[in-house]
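Note sheet for the following structure.
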Amino acid sequence: MVFSIGLVLVTARETSAELMAMLAELGETACVIGEVIPRGEKPVVLR
Numbered sequence: 001m002v003f004s005i006g007l008v009l010v011t012a013r014e015t016s017a018e019l020m021a022m023l024a025e026l027g028e029t030a031c032v033i034g035e036v037i038p039r040g041e042k043p044v045v046l047r
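Using full-length UniProt numbering, you'd call the opening residue of the sequence shown number 1 and step up by one each time.
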């Protein structure tokens, strides 16, 4: 099985639960896939 990310919504942590509930009411499956954190000393490069 192959899965892909069809849409990414970026929101404040304080509103993420409300947004996920709204998406569920619309029949959408949603999950948290990450968080924004302060940058450290060295950059992180994903390849």
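From the three backbone atoms N, C-alpha and C, an ideal C-beta is built for every residue, glycine too.
Neighbourhood of residue i by C-beta, 6 Å cutoff - its chain only, sequence neighbours within 5 removed
i   : result
P19 : Correcting the residue type first, residue 19 is Leu in the shown sequence and not Pro. Around L19: T11.
CB contact flag (residue i, residue j, <7 Å)
i   : j   : result
A30 : L23 : yes
Separation of residue j from residue i, as counted between CA atoms
i   : j   : result
R39 : I5  : 25 Å
L9  : V44 : 22 Å
A21 : E41 : 36 Å
From the options, residue whose alpha carbon lies closest to that of residue i
i   : options           : result
V36 : E25, R13, L46     : R13
L7  : E25, M1, A21, I33 : I33
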